[in-house]
Amino acid sequence: MNLDMADRAEASTREPEGREVESDLNVHPLSIKKNIAWNSAGSIVNLGLQWLLTVFVVRLSTDYEAAGILSLALSIYNIFAPFAIYRMYTYQVSDVNRENTVGEYFAFRIITCTIALVCCALYSIVTCMSDTWLAIILFSGYKIASLLIDVLHGEDQLNGRMDYIGKSLMLQGALSFAAFCFIFFFFQTIELAIGGMIVSVVVVGLCYDLPKTKQFGKISISISASKAKRLLAYCLPITLASIACSAAPTFPRQYLAFVGGNDILGVYASVAAPVAIIQMGASYIYNPLLSVFATHYYSGELDKFKALLIKTTLTILCAGVGCAVGFEILGPIILPLLFSDSIAPYTYLLLPMVVLAILTALLWFVNDLLVAIRHFSASFISNMIAFVASLATTIPFVTTFNMNGVSFAGIAAYGLGVIAMLFFLIRTVKTKEQ
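With the working numbering applied, the sequence shown covers -17 to 416.
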């Protein structure tokens, strides 16, 4: 799951607290139920098409190399995505007193995205094969184009018009999917296909999102140095924690590509793609509850906090076990239908992937809880533990277990991360009870 999606899902549960929409066109805010419905629908369609892209890149190819390059590009972007996002979406949509203007948020997002893009480029040059550099940089540019539009979405949400967000996400998903498939089918060049995705997202931003957001007032893109420094300092601990969290499962994939080639990584990524449903489903379970957790914690209703924690954790685990059973039964049938019969020998990869997906969902959940109660240091330390564990286990596990080693390294890393986070969370709650 994209990290900014998690921020949006959490923030979408907050009502605009009665803010009046100041607009010459008198654009009225929607109800909170309609806003949540539009945002959820747009997110589901967009994410569904992103997943479907991982299927079509295999179907439209003669081998798994393009799928491997696409997976590698996504993995490397995810390492530095926290720099680009910087948890600013949640910060922006909760800024009901207008501490910063939309133009200042946009300028700040340009700064953070530029930092992330440079980091992606340098990292890929140092760690990846030269024939993947352009694809990685272009894919990062595609994701960054969407993040810039997200700043406009933050303004839409503040003004109670999340229908604009939902429609934009649908348009971005549909047009970028169509552009990639059309170009890749005719030219068999993944770099050109990703370039088409960038163009499609930019067109949506300029032709749809910008006019919609301008209804709420003029947009002047600038920010003072002092404001930029303050925002950078405020969200730095969470950002570093997010980087460590994203990097932990990325290194095993990179090492697999390094020792086995992009084809092998493409096989692993193709089998893993449907399993991501578990992580996404879990996020839809707990994201709407984060504000409830925070309310219970800060109001001293710790019994309710603990009861909700247990109930949510059990729900995620039960959903994960149900998915595990489903994948074990239906996986060998569905995967060949999605990707071709050549994927059939690799269905043995499913079970470790499902375990990793469940642990990932739990890690995201507890990590967001630590952020909700403002325990930034606990989030940072726990994610660093996961990161170090990934570094320590990647080479021996991948060397010993090949593709399954990627999953086993992720299980070890995120398992230790979850244990550390729960330790900090339980200790914090007990301390508050005293």
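The beta-carbon is built from N, C-alpha and C at its ideal position, and this holds for glycine as well. Being a predicted model, the structure only gives us computed values, none of them experimental.
> Alpha carbon to alpha carbon, what distance is there between T221 and N141?
Replying inline: Going from the Cα of N141 to the Cα of T221 covers about 27 angstroms.
Quick check on F121: buried or exposed, where buried means 16 or more other Cβ atoms within 10 Å of its Cβ?
buried
**Prompt:** Can you tell me whether Y124 is buried or exposed, with buried defined as 16 or more other CB within 10 angstroms of its CB?
**Reply:** buried
**Item:** Test item: CB-CB of L420 and Y279 under 8 angstroms
**Value:** Examination of residue 420 is not possible in this model, given that the chain is present from -17 through 416 alone.
Taking C-alpha atoms, which residue in I58, N60 and G85 lies nearest to I205?
G85
> Taking one C-beta from the segment 189 to 198 and one from the segment 323 to 339 each time, how about it: are there three or more such pairs within less than 8 angstroms?
Replying inline: no
Minimum C-alpha distance to A371 - residue among M403, N349, A391 and I26: A391
Residue from L291, S128 and S322 whose Cα sits closest to the Cα of L404: L291
*In angstroms with no decimal places, state the Cα-to-Cα distance between V9 and G136.*
Taking the straight line joining both Cα atoms gives about 16 angstroms.
C337 (DSSP reduced to helix, strand or coil)
Reading off the sequence shown, one finds Val at residue 337, where the question assumed Cys. In the three-state reduction of the DSSP assignment, V337 falls in the helix class.
Taking its Cβ as the centre, do 16 or more other Cβ atoms sit within 10 Å of K412, making it buried, or is it exposed? exposed
> Counting along the chain, where does the alpha helix (DSSP H) carrying L174 start and finish?
Replying inline: I172 to V186
Checklist line | Test item: CB-CB of F88 and A210 under 8 angstroms | finding: no
Buried or exposed: which applies to A215, given that a residue is buried once 16 or more other Cβ atoms fall within 10 Å of its Cβ? exposed
Requested in this report: Could you name each continuous alpha helix (DSSP H) segment of 4 residues or more that falls completely within the segment 86 to 173, going from the start of the chain to the end?
Outcome: Considered as a whole, the segment 86 to 173 harbours 115 to 140 and 144 to 169 as its complete alpha helix (DSSP H) runs of no fewer than 4 residues, in chain order.
Next on the checklist: Suppose you measure from the CA of M335 to the CA of N82; what does that come to, to the nearest Å?
Outcome noted: 42 angstroms
### Message
So T376 and F233 are supposed to be a Cβ contact under 8 angstroms. How far apart are they, rounded?
### Response
5 angstroms
- In whole angstroms, what separates the C-alpha of E310 from that of A394? 22 angstroms
Drop a sphere of 10 angstroms on the beta-carbon of M111, count the other beta-carbons inside from all chains shown, and report buried for 16 or more, exposed for fewer. exposed
By a C-beta neighbour count over all protein chains shown, 10 Å radius and 16 as the cutoff for buried, is E4 buried or exposed? Low confidence applies to E4: its pLDDT is 44, below 50, so where it sits in the model is not reliable, and the reading given next is rough at best. So E4 ends up on the exposed side.
Using three-state DSSP, classify V9 as helix, strand or coil.
Here V9 sits in coil by DSSP.
Quiz item: On the premise that A360 lies in contact with G399, defined as a C-beta separation below 8 angstroms, what is that separation, rounded to the nearest angstrom?
Solution: In fact, because the Cβ distance is near 11 angstroms, the residues do not count as touching under 8 angstroms.
### Query
So what's N244 in DSSP terms, helix, strand or just coil?
If DSSP states are grouped into helix, strand and coil, N244 belongs with the helices.
Enclosing alpha helix (DSSP H) for Y59 [first to last residue]:
E47 to I67
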